[in-house]
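Residue numbers (the working numbering), protein chains in the order written: chain A, 1 to 678; chain B, 679 to 902; chain C, 903 to 1184.
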Amino acid sequence: MTLFGKLTWQAIPWQEPLPLFSGLGVVIILLAVVAWVVMKGYLPYLWREWITSVDHKRIGVMYCILAGVMLLRGFIDAIMMRTQQVMAYHAPGFLPPSHFDQVFSAHGTIMIFFVAMPFVIGLMNVIVPLQLGVRDVAFPTWNSVSFWLTAAGALLVNLSLVIGEFDRTGWLPYPPLSELRYSPGVGVDYYCWALQISGIGTLVTGINFVTTILKLRAPGMHYTRMPMFCWTALASNLLIVASFPVLTATLAMLLLDRYVGFHFFTNTGGGNSMMFMNLIWAWGHPEVYILVLPAFGIFSEVVSTFSGKPLFGYRSMIYATMAICIISFMVWLHHFFTMGAGADVNAIFGIASMIIAVPTGVKIFNWLFTMYGGYVRYSVPMLWAIGFIVTFAIGGMTGVLLAVPPADFQLHNSVFLVAHFHNVIIGAVVFGVFAGYTYWFPKAFGFTLDERLGKWAFWLWLIGFWVAWGPGYVVGLEGMTRRLDHYDVAEWHPWLVVAEWGVLIILLGIVAQIAQIVVSVRTRERRRDVTGDPWDGRNLEWATASPPPIFNFAVLPDVTDEEPYWGMKARAREIGQLTRPEPEYHPLHMPRNTPTGFVTACLAVVTGFALIWHIWWLVLLGLAGSYATFVVFAWRDHDEILIPVEEVARLDRANRAARSAALQHRQLRRESQRESAE
Amino acid sequence: MSAPGTALRTGRDPYHIGHAPAAGVPEYTGHGAGGPSPKRIVVGYGFWIFILSDVILFSCFFATYTVLIQARNGGPGPREIFDLHTTAIETACLLLSSFACGMTSLAVARHNLLWTEITLALTGLLGLTFLGLEAHEFVGLVARGDGPTRSAFLTSFFALVGCHGVHVSGGILWLGTMMAQFPAKGFKESIRHRYLCFSLFWHALDIIWIGIFTVVYLIGMITP
Amino acid sequence: MLGQLAGCGRAQLQPAGPISGDELKILLDSVVIMLAIVVPTILTTLGVAWWYRSSNRRARRQPDFVYSGRVELVVWSIPALVVVFLGGIAWISSHDLDPAQPLRSKTAPLDVQVVSLDWKWLFIYPKLGIASINRLVVPAGVPLHLVLTSASVWNVFWVPQLGSMLYCMNGMAGTLYLEADRPGVYRGESAMISGDGFADMHFDTDAVPQGQFDAWVASTRGTGPALNDAAYRDLLRQSVPPHPYTYSSVRPGLFADIVMQKLPPGDGPTGGIPGVHPVGLK
């Protein structure tokens, strides 16, 4: 037992130029960024305002930034995979199988856990408390801990690129392949510990948001007056609370097998690898609904705002959302029809999987009827919404097809399946978060994004997606199975070349998105959101300034009907001025910032790394440090800051003045229009 | 905060939680439409949700146990390894510790430091006794060669009961911390909320143990 | 369109057996049924989004159209009815095409035992006493009774032109009935990542006329090594054979011993260094 466990200098891939130089490149970029931040003197600001922040708006933005950065990493993996498959026809390609296997495993793991989840959670973080008309989530410090633990997991996964290796078993590590006997390296351990750490963060987020949505709403906001995004956030977080413990338990079992020689899923000793399949997919299926339900919520918001109409069939949408939430727990076996459970079991789960398509179809029709009779504006978020409906309808169709067991017997694990899930995840979740961040960007930062570059990004992504994954369906129906690092079937090759072009078009789309942010920041004064309501929005987040003050609302709004902000606005427009006189301001208590989350995450990275490399003394130190952090946090005497009444008044009065001015301007314009009509 | 159209009732406390809202403040109805709930409700509710998630964690281990119970790999089954006498004492320890914990809740409500510390210490001692007996059982089995690496049945037994034991250990660490916090910080609101969470946790562990006692030990004794 | 599809690689869309034929029918039927809903939905969505654009003066705006019982009824019923219909198809076809269900045929099935190893396929013909690596020779028109297991990690036995795939798992014996209608060479593969050599686990299924099959059996019995326990242990080591080959005899009960784990499963990578660079790319 050496001091550093299994860790030696051999863990760094000296002999492998690709990971070595890419890792080196990343390290250099990171150091450069850190150096720039420090030299420009931004560190105190970053520490005070962002790293130690417990403000849900700041935490949400950090989640989205983490997701964006990891999207680039995951996308590079995608380019590598496509390129390998183009080159590897009757040839070895440029990636040996040991690398290719790590690349596709990292691609899936990163995209699900460190892009889709953080993006969705980030948007919920920024917007849900604003839409509920309250000042923060139920547990602000735990919120910070959640974010930093997610970042810690992401860091561990990326560390595996330069120190050791990642797992080679796919984004879900099926035993026996993932057991110690067949995967003796550290790859599966990196995967398991990274996800255990970020999994704690996600579970706490689930608890946080369920409590917030059910127990912290503005006065008068009955359940049936909540915005649709809050309903879908509730359903998604209920799913997190119910399903993430299953992931934690299952990975813990795999880790016990690998570390201590238990026999949960081993071939010998009586282990049952089929148990892993059942457990992991009992988590895995709800997971995809955790991702897609908030995306549906985003589309509900976007479609109603940009149609100028309330959401059609609001109560029906609630029923549909909660039905999806519940049924998503009853379909997991459709991920392994070909394991041989028998006709009755297969048929039941197949039918259940089709049943879940019913509420999903209802949602699509309700969005359609929301647009019907409205004033449809083709802003960038609305384009993403329309692109989503078209793309997701096809992806959902292939899903129902796969739910017919005999069809699945010929499509399971083929590239057809891979095309299906990329279709639904990109079509719904990715398009959804892109619509979401474009829509809510002005709320978070005070200016809108450049429309033209946004439209370029949309079209490039939409076309690129279909060029990349249309061939997937074809080549899957030509018998191509997934995860092949080389092949010898001539018919597959041209389709894979087309797919590569698709990925390059998507790359241009991503370039457009980055350019959009850079250009928008540079020219932000042109697109300042002065009133806080740039899109003529309908829900309470648009009742605040852009960006909102730390306390969100100087006085919690009184909610008297659905779409509370729209009602307020309609009345204000009628009378040409704000409906309420200036309220009586009070000083406000807000939770105090704390480094607890950041410190916990640092300790998590150290402890996780130590566990992976069997450096036991460091594990003990890390755990002791985590306990000490908790104690230090629990011992603090002052957990709130007081915002003085002058500050509250100043910020609120500024927003009220801007809105009054806009109302009067609108009044004058309408009067002059009436005059010129006469 | 009054506005036309919002139904306001003043001064009632329909759930008798001792937080009668002041006049003019919307009533806390329990359905969230009276405005944000008081902190104690929010903390308790959030912790309940956590406990539910923990129950789901345990149910995965329960499910795995029932699936793997016959996977003996030539080794012993439940009848050959369980000693119900020890289990009975363990159960008594946990049940009594829950009772002691209940006493602590009363002492905390009365802001009585002495009795808080005494009953907490009693809770902790009973918990430690439970852990000691369980550790003794585990060590004995491992020494006989019937440890968790022997078979899938033993793996799932050690994991399920061990998971509970790890939770109890964490609870005792928490308990010790609270025993230090009360003298240091007194009975201010945040400490009492933290204690509420601890007592919920401790009682929930007791309930899980009833499940383990029944499914693993009692049913195990009649399983072939 | 079917003509174009027929040109696409020889796989699910060019069935060569009753199972794959039925499965293709179900696939196409289900797609057609769903397209009947999906295509109008997509077209209506695009149409509505375009017609109600804010610049269209001719569109009749209905800002209060937020609920309609009739619309709700239709909107819930259409997907529900489609699901009922497809659900019926799913129930019936799941039972008809259950992999473990014997095929209706006048001919007695041929028993083949399939063992997936790292990284090759072992096909044992127990009643004929021979075995083959990476090449499955079968008589055309005769049902095949396949029993699947694995020597180590999971794999999935899949010959798309013949039909259903099924998992191969150590310690378990899965039953799969398939049949090749007509002579031909059908590509098979493993549909589950099983390690570094997984991409090399493709094999050919040679369906030949009965006479030719009997001749192949006779000649296989004549030459080649014997598959005894020692030879099997050799197979357990992680490797990719450059060419298919055969065994002239098989120790009786070998497959049962693999399933019951009397012959223990493979050890994985030797010396803790995972991965074997594939040998013999074809």
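Backbone N, C-alpha and C fix where the C-beta goes; we use that ideal spot for every residue, glycine too.
- A/416 is the residue among A/416, A/209 and A/486 whose C-alpha sits nearest the C-alpha of residue 915 of chain C.
- Per DSSP, reduced to three states, the secondary structure at residue 795 of chain B is helical.
- For residue 552 of chain A, the closest Cβ of chain B is not nearer than 8 angstroms.
- Under the Cβ criterion (8 angstroms, minimum of three pairs), the region 127–135 of chain A counts as touching the region 227–238 of chain A.
- One Cα belongs to residue 464 of chain A, the other to residue 421 of chain A, and the distance between them is close to 16 angstroms.
- With respect to chain C, the C-beta atom of residue 16 of chain A has no partner C-beta closer than 8 angstroms.
- The three-state secondary structure of residue 859 of chain B, taken from DSSP, is helix.
- Residue nearest to residue 514 of chain A within the set A/165, A/454, A/550 and A/470 is A/454 (criterion: CA-CA distance).
- Contacts with chain A at 8 angstroms (Cβ-Cβ) include residue 751 of chain B.
- Residue-level contact check: residue 189 of chain A does not touch chain C, since none of the beta carbons of chain C fall below 8 angstroms from its beta carbon.
- Leaving aside the five residues that flank residue 142 of chain A on each side, the residues in its chain whose CB is nearer than 7 angstroms to its CB run, in chain order, 204 and 208.
- With a cutoff of 8 angstroms on beta-carbon distance, residue 229 of chain A and residue 298 of chain A are scored as near each other.
- A Cβ-Cβ distance of about 4 angstroms is found for the pair residue 1146 of chain C and residue 1036 of chain C, placing them in contact under the 8 angstroms criterion.
- If only complete runs of 4 or more residues are kept, the region 47–127 of chain A shows the alpha helix (DSSP H) at 56–87 and 97–109, in order along the chain.
- By a beta-carbon distance limit of 8 angstroms, residue 77 of chain A does not contact residue 54 of chain A. Their separation comes to about 33 angstroms.
- Closest option to residue 8 of chain A, judged by alpha-carbon separation, among A/650, A/333, A/610 and A/355: A/610.
- Neighbours of residue 727 of chain B across chain A, judged by C-beta separation under 7 angstroms: 207, 210, 211 and 241.
- DSSP places residue 589 of chain A in the strand class (E or B) of the three-state scheme.
- Taking C-alpha positions only, residue 1151 of chain C is separated from residue 1099 of chain C by approximately 27 angstroms.
- Across the region 800–832 of chain B, CB contacts with chain A closer than 7 angstroms involve 826, 827, 829, 830 and 831, in sequence order along the chain.
- Residue 645 of chain A places its beta carbon 8 angstroms or farther from that of residue 589 of chain A.
- When rounded, the separation of the alpha-carbon atoms in residue 385 of chain A and residue 90 of chain A is 42 angstroms.
- Judged by their CB atoms, residue 922 of chain C and residue 1020 of chain C are not nearer to each other than the 8 angstroms cut-off.
- Considering only C/1082, C/986 and C/1066, the residue with the shortest C-alpha distance to residue 1091 of chain C is C/1066.
- Residue 394 of chain A is positioned such that its CB atom lies closer than 8 angstroms to that of residue 940 of chain C.
- With respect to the C-alpha of residue 661 of chain A, the residue from A/520, A/572, A/67 and A/153 having the closest C-alpha is A/572.
- Of all residues in the region 965–976 of chain C, those with a C-beta nearer than 9 angstroms to a C-beta of chain A are 965, 966, 967, 968, 969, 970, 973, 974 and 976, reading in chain order.
- Assignment of residue 360 of chain A by DSSP, reduced to helix, strand and coil, places it in the helix class.
- For residue 881 of chain B, the uninterrupted alpha helix (DSSP H) run begins and ends at 867–890, by DSSP.
- Residue range 187–215 is occupied by the alpha helix (DSSP H) that includes residue 205 of chain A.
- One thing to note: residue 856 of chain B has its Cβ no nearer than 8 angstroms to the Cβ of residue 784 of chain B.
- Boundaries of the beta strand (DSSP E) around residue 1091 of chain C: 1086–1092.
- Counting C-beta pairs closer than 8 angstroms gives fewer than three between the region 520–539 of chain A and the region 494–512 of chain A, which falls short of the contact rule.
- According to the DSSP assignment, residue 257 of chain A belongs to no beta strand (DSSP E) but to the alpha helix (DSSP H) extending over 228–260.
- Using a CB distance below 7 angstroms, no part of the region 1121–1151 of chain C faces chain A.
- Take the alpha-carbon of residue 736 of chain B and the one of residue 849 of chain B: they are about 16 angstroms apart.
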